[in-house]
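As structure tokens, the structure follows; a few thoughts come after it.
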Amino acid sequence: MKKSLKELAKLIKGEVEEKDGDIEITGVAKVEDAKEGEITFAVSDKFLNKARESHASAVIVPLRIKEFPKATIRVENPRLALAQILRVFYPQERNSSGIHPSVILGKGIKVGKRVSIGPYTVIGERVEIGEDVCISAGVYLGDGVKIGRKSLLYPGVIILNNTLIGERVIIHAGTVIGADGFGFAKKKDGSYYKIPQVGRVVIGDDVEIGANVTIDRATMGETRIGRGCKIDNLVHIAHNVTIGENVAIVALVGISGSSVIGNGVILAGQSGVTDHVNIGDNVFVAAKSGVTKDISPNTFVSGFPARSHIQQKRIKAIIHRLPELLKRIQRLEKKYQEINNGISENY
Amino acid sequence: MKKSLKELAKLIKGEVEEKDGDIEITGVAKVEDAKEGEITFAVSDKFLNKARESHASAVIVPLRIKEFPKATIRVENPRLALAQILRVFYPQERNSSGIHPSVILGKGIKVGKRVSIGPYTVIGERVEIGEDVCISAGVYLGDGVKIGRKSLLYPGVIILNNTLIGERVIIHAGTVIGADGFGFAKKKDGSYYKIPQVGRVVIGDDVEIGANVTIDRATMGETRIGRGCKIDNLVHIAHNVTIGENVAIVALVGISGSSVIGNGVILAGQSGVTDHVNIGDNVFVAAKSGVTKDISPNTFVSGFPARSHIQQKRIKAIIHRLPELLKRIQRLEKKYQEINNGISENY
Amino acid sequence: MKKSLKELAKLIKGEVEEKDGDIEITGVAKVEDAKEGEITFAVSDKFLNKARESHASAVIVPLRIKEFPKATIRVENPRLALAQILRVFYPQERNSSGIHPSVILGKGIKVGKRVSIGPYTVIGERVEIGEDVCISAGVYLGDGVKIGRKSLLYPGVIILNNTLIGERVIIHAGTVIGADGFGFAKKKDGSYYKIPQVGRVVIGDDVEIGANVTIDRATMGETRIGRGCKIDNLVHIAHNVTIGENVAIVALVGISGSSVIGNGVILAGQSGVTDHVNIGDNVFVAAKSGVTKDISPNTFVSGFPARSHIQQKRIKAIIHRLPELLKRIQRLEKKYQEINNGISENY
Numbered sequence: 011m012k013k014s015l016k017e018l019a020k021l022i023k024g025e026v027e028e029k030d031g032d033i034e035i036t037g038v039a040k041v042e043d044a045k046e047g048e049i050t051f052a053v054s055d056k057f058l059n060k061a062r063e064s065h066a067s068a069v070i071v072p073l074r075i076k077e078f079p080k081a082t083i084r085v086e087n088p089r090l091a092l093a094q095i096l097r098v099f100y101p102q103e104r105n106s107s108g109i110h111p112s113v114i115l116g117k118g119i120k121v122g123k124r125v126s127i128g129p130y131t132v133i134g135e136r137v138e139i140g141e142d143v144c145i146s147a148g149v150y151l152g153d154g155v156k157i158g159r160k161s162l163l164y165p166g167v168i169i170l171n172n173t174l175i176g177e178r179v180i181i182h183a184g185t186v187i188g189a190d191g192f193g194f195a196k197k198k199d200g201s202y203y204k205i206p207q208v209g210r211v212v213i214g215d216d217v218e219i220g221a222n223v224t225i226d227r228a229t230m231g232e233t234r235i236g237r238g239c240k241i242d243n244l245v246h247i248a249h250n251v252t253i254g255e256n257v258a259i260v261a262l263v264g265i266s267g268s269s270v271i272g273n274g275v276i277l278a279g280q281s282g283v284t285d286h287v288n289i290g291d292n293v294f295v296a297a298k299s300g301v302t303k304d305i306s307p308n309t310f311v312s313g314f315p316a317r318s319h320i321q322q323k324r325i326k327a328i329i330h331r332l333p334e335l336l337k338r339i340q341r342l343e344k345k346y347q348e349i350n351n352g353i354s355e356n357y
Numbered sequence: 011m012k013k014s015l016k017e018l019a020k021l022i023k024g025e026v027e028e029k030d031g032d033i034e035i036t037g038v039a040k041v042e043d044a045k046e047g048e049i050t051f052a053v054s055d056k057f058l059n060k061a062r063e064s065h066a067s068a069v070i071v072p073l074r075i076k077e078f079p080k081a082t083i084r085v086e087n088p089r090l091a092l093a094q095i096l097r098v099f100y101p102q103e104r105n106s107s108g109i110h111p112s113v114i115l116g117k118g119i120k121v122g123k124r125v126s127i128g129p130y131t132v133i134g135e136r137v138e139i140g141e142d143v144c145i146s147a148g149v150y151l152g153d154g155v156k157i158g159r160k161s162l163l164y165p166g167v168i169i170l171n172n173t174l175i176g177e178r179v180i181i182h183a184g185t186v187i188g189a190d191g192f193g194f195a196k197k198k199d200g201s202y203y204k205i206p207q208v209g210r211v212v213i214g215d216d217v218e219i220g221a222n223v224t225i226d227r228a229t230m231g232e233t234r235i236g237r238g239c240k241i242d243n244l245v246h247i248a249h250n251v252t253i254g255e256n257v258a259i260v261a262l263v264g265i266s267g268s269s270v271i272g273n274g275v276i277l278a279g280q281s282g283v284t285d286h287v288n289i290g291d292n293v294f295v296a297a298k299s300g301v302t303k304d305i306s307p308n309t310f311v312s313g314f315p316a317r318s319h320i321q322q323k324r325i326k327a328i329i330h331r332l333p334e335l336l337k338r339i340q341r342l343e344k345k346y347q348e349i350n351n352g353i354s355e356n357y
Numbered sequence: 011m012k013k014s015l016k017e018l019a020k021l022i023k024g025e026v027e028e029k030d031g032d033i034e035i036t037g038v039a040k041v042e043d044a045k046e047g048e049i050t051f052a053v054s055d056k057f058l059n060k061a062r063e064s065h066a067s068a069v070i071v072p073l074r075i076k077e078f079p080k081a082t083i084r085v086e087n088p089r090l091a092l093a094q095i096l097r098v099f100y101p102q103e104r105n106s107s108g109i110h111p112s113v114i115l116g117k118g119i120k121v122g123k124r125v126s127i128g129p130y131t132v133i134g135e136r137v138e139i140g141e142d143v144c145i146s147a148g149v150y151l152g153d154g155v156k157i158g159r160k161s162l163l164y165p166g167v168i169i170l171n172n173t174l175i176g177e178r179v180i181i182h183a184g185t186v187i188g189a190d191g192f193g194f195a196k197k198k199d200g201s202y203y204k205i206p207q208v209g210r211v212v213i214g215d216d217v218e219i220g221a222n223v224t225i226d227r228a229t230m231g232e233t234r235i236g237r238g239c240k241i242d243n244l245v246h247i248a249h250n251v252t253i254g255e256n257v258a259i260v261a262l263v264g265i266s267g268s269s270v271i272g273n274g275v276i277l278a279g280q281s282g283v284t285d286h287v288n289i290g291d292n293v294f295v296a297a298k299s300g301v302t303k304d305i306s307p308n309t310f311v312s313g314f315p316a317r318s319h320i321q322q323k324r325i326k327a328i329i330h331r332l333p334e335l336l337k338r339i340q341r342l343e344k345k346y347q348e349i350n351n352g353i354s355e356n357y
């Protein structure tokens, strides 16, 4: 495939100098790998420097970069531009391959047009699959599951009974949605009695869920993942959790039962949220933090228990001065002793 | 389904006022969702308040609640009562559907009565499956595996060679039991030499294991999970670990090789246990803690390395006063300086 | 199977006393379980004491142990010796069982000699499988995947398009290699726009990967796992990460995008690495640590953010003395007050 820089600039709503408009671009690559004829992208100074020295024929740069030794397309959001250009050079091909003859279909299922279902997939009763849905091999859909149109399920995905999946949802391999919540009543003898988990999971439109994730069904009611959420690999979301829209959850995060996460929240890697807490809109939870109580909207929290990140940083800074502080206390004690002796002698 | 409050009270060994005994209950719901005709439950004050304002026709409450504006069933353990009532309204239906014709059965296997095995399940040689066992689709059972009666394996569960599973065990989707332990000998050149993992995993009766969990086989001997343990999603249990009875392990916990966990222990979410340590009976390990040495029975530990939670809390409280303490040290230093100058002037 | 102690000693390049050379060994067991006729091993004093009291007929011990009440084989590296002896008593049997008739084979695939492929495995187009490869049941190999000779894939492993796997690689059950990286561009309205993930994963020779692990494909270019790496269960490795040779990664570790891990590094359990950092050769990252910036080679780091472990230990020690330090500050304040009063009175 070949595209002129002018064509690409138009596509990503970027600015290109007229003299560069006819440069032909044959591909896109990381700055370290880019060869002649390819376009690359650079956001930070570090990558701008690398781009300068690369063999790339053109570079997508932020608007603020006015001068550059190579042809550029200047854009407001280079990451977005990269995504758009990658789509040009790597168009998503989703030709429907139909339903493989080995697929097991339960009673009363409804399947839309142009649906693909891969080999050895097992589909329960009363399942509804929207048009243009692509289901890979070895997938399991329990009774009463609904999958919205244009959704994509990778191999080995397991969706248990009555789960509702929105449109254009992507679920990566090995993920389990709708397993029982972790709910037990402790008996006097110390043993646990299972609380039946009779709720379901509801996933909004445009959600993407990574590999080997687990999202549990509600005890009663619904576990809800809002529209546009992006969930990384190996994340655990417990029963009755409610997650707003456009929430990003990085790998190995755990969210305990019945917690409520606002819109636009970011939970960084290996962070955790205890049960029954509310996290306000647009909160940023730093990596490895543990949220143990409600968090106000638009705050940046870190640590365990999670608190204001600014406060935590101040405290961390002092913690790293503790050996020095200990010495200062010792010095004061010694000096007091001297003063005391001095005063005593004085009398 | 309809049940009178009297009938339900009898079932859960609860107290109901005579005037309320004939109220008809048609379902059970969370306090937020409960409609007329439904029963809900409330433990804490927060939920008691919500229950007051709900549309529920009756509420399961703790014994201590003597007055309430709605019909109640008073019980010692409302969670247990909820579990029992959910079983009434959502009876477990496990009709044997038999063995699907696509199931692959190894040589010398023994299968009990009323066993169900779902499509595309693969079963190795000399496997024994007890009566009333229900195995879903796409499950793998390696050679020599034994599954006790009434156990339930969800889709995609993988049980490797020689694993023994007790009775009434529930294993959720995507879980892997009996993979090789992580054992290597380091050679002089820095490379690792695999230590063959020739032991097995033994799971006791009434254990429930979440989704995408991993429990490794022993290097030699057994990795053991005691009767009644409840394990949440994405938990890792390493080779040769021994876990007592009625232990609860929350999501994303990791337990390293050869550690021993006593009866009744609770490991909260994202906590970890290093190798070769002993955790005594009824220990509570707080979320995100890391146990690095033996823990005495009946203690509550937190932090990393995990120590007495009371001690940790006291320390955490001081840590959050560090900016203030720093100022107090500075003030003392200044004052000492003044005194010193004063004394000097005095001379 | 029977082996004389002499034969075993020769095999593991160990020293045995001549009088013990003809002792017949019929098996190998942990020190707690060893019976007459069996050999066990002991490294630390704790296990040496246990070995003394065991029923084992012989013990593999470190070279430094000159006197022992049982027959011994003295070796430089007892763990390595154990691994070698386990291989004798538990030889790896990998008889090729051929390709099961239910396996689905894509167009243009190449399969080497003596390959086994288990039931219900699905293999895409243009896949190349080297000789002596053993693929278990329910595995998925996407288009363009290559698997080097003698590699072993356990049940339910999912390898997505264009992944390259080296020789003698072992991948445990449920692991997903080549899922999309977690890459999105944030738009002005707060929603995320997917960055197509068009790179691949390349796994070196002699790598072992645990169960339910996730290794994401690169956005562009490659995610690389170097020769000889050993990865435990439930580990997450993000897009474009580069891992050197002989790196050991313990369970529940997460490595974020584009980070570079040197040769011989050890990442202990539940540790994490942020994106775009470099960890030098032979670094040891303690359990639960979080690496947030570049780490020099040959260092031992811990904590979050990860720093020199010696420094962290010193700080931790002071942290645990904080209640005492607080008292010392209070005492100084009180004494200052007394002095101040004293001086005032003095005037």
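Residue numbers (this note's numbering), protein chains in the order written: chain H, 11 to 357; chain Z, 11 to 357; chain V, 11 to 357.
All C-beta atoms, glycine included, are put in the ideal place defined by N, C-alpha and C.
Quantities reported herein were computed from a predicted structural model and do not represent experimental measurements.
Distances from the alpha-carbon of H/Arg84 to those of H/Ala52, H/Gly264 and H/Arg227 put H/Ala52 closest. Straight through space, the alpha carbons of V/Lys326 and V/Gly264 are spaced by roughly 24 Å.
Residue contact with chain H for Z/Ile114: absent (no Cβ-Cβ distance below 8 Å to any residue of chain H). A straight-line Cα-Cα distance of about 53 Å links Z/Phe192 and H/Glu77. According to DSSP, residue pairing for V/Ala68 in a beta bridge involves V/Ile49 and V/Ala81. For the stretch 180–210 of chain H, the set of residues with a beta-carbon nearer than 7 Å to any beta-carbon of chain Z comprises Gly184, Val186, Ala189, Asp190, Phe192, Phe194, Ala195, Lys197, Gly200, Ser201, Tyr202, Tyr203, Lys204, Ile205, Pro206 and Val208, in chain order. Residues of the stretch 139–154 of chain H whose Cβ lies closer than 7 Å to any Cβ of chain Z, in chain order: Gly148 and Tyr150. The beta carbons of H/Asn243 and V/Ala278 sit no closer together than 8 Å. Taking a beta-carbon distance threshold of 8 Å, V/Ile289 does not count as an interface residue toward chain Z. From the beta-carbon of V/Leu244, the residues of chain Z found nearer than 9 Å are Asn222, Val223, Thr224, Leu244, Val245, His246, Leu262 and Gly264. With a contact defined as Cβ atoms closer than 8 Å, H/Ala44 and V/Val186 miss out at about 29 Å. Ranked by Cα distance from H/Glu48, the options H/Pro72, H/Ser54, H/Phe310 and H/Ser64 are led by H/Ser64. From the beta-carbon of Z/Val132, the residues of chain V found nearer than 8 Å are Gly128, Pro129, Tyr130, Ala147, Gly148 and Pro165. Separation of V/Lys196 and H/Lys240 (C-alpha to C-alpha, rounded to the nearest whole angstrom) is 11 Å. Under the DSSP assignment, H/Phe310 falls in the beta strand (DSSP E) whose first and last residues are Phe310 to Ser312. The Cβ-Cβ distance between Z/Glu135 and Z/Arg159 does not fall below 8 Å. From the listed residues H/Ile349, H/Ser268 and H/Glu348, the smallest Cα separation to H/Asp226 is found for H/Ser268. Within chain H, not a single residue places a beta-carbon under 7 Å from that of V/Thr36; the smallest gap is close to 41 Å. Excluding residues up to 5 positions away in sequence, Ala248, Val283, Thr284 and Asp285 lie with their Cβ nearer than 7 Å to the Cβ of Z/Ser266 in the same chain. Rounded to the nearest whole angstrom, the C-alpha separation of V/His110 and V/Gly128 is 6 Å. Unbroken beta strand (DSSP E) stretches of 3 residues or longer found wholly inside the stretch 156–209 of chain H: 186–189, 194–196 and 202–204, given in chain order. The C-alpha of H/Gly220 lies about 27 Å from the C-alpha of Z/Val132. Of the residues assessed, H/Ile305 falls on the buried side of the cut-off, its CB having 16 or more other CB atoms within 10 angstroms. The beta carbon of Z/Ile145 sits closer than 7 Å to those of Ser126, Ile127, Gly128, Thr131 and Leu163, all from its chain and outside the five residues before and after it, given in chain order. DSSP places H/Tyr130 in the coil class of the three-state scheme, outside both helix and strand. Counting the other CB atoms within 10 Å of its CB gives Z/Leu73 a total below 16, which places it among the exposed residues. Its Cα nearest to that of Z/Thr224, the residue Z/Gly166 stands out among Z/Gly166, Z/Lys204, Z/Val275 and Z/Pro206. Not one beta carbon of chain H lies nearer than 8 Å to the beta carbon of V/Gly279. Taking each of H/Gly200, H/Asp216, H/Asp199 and H/Arg210 in turn and checking the Cα distance to V/Tyr202, the smallest one comes out for H/Asp216. The shortest CA-to-CA distance from V/Gly24 to any of V/Thr50, V/Val71, V/Lys80 and V/Lys40 is the one to V/Val71.
Contact between Z/Ser161 and Z/Val179 holds: their C-beta atoms lie close to 4 Å from each other, under 8 Å.
Chain-ordered, the chain Z residues with CB closer than 7 Å to the CB of H/Phe314 read Lys298. Any Cβ of chain Z closer than 8 Å to the Cβ of V/Ala93 would place that residue at the interface, and such an atom is present.
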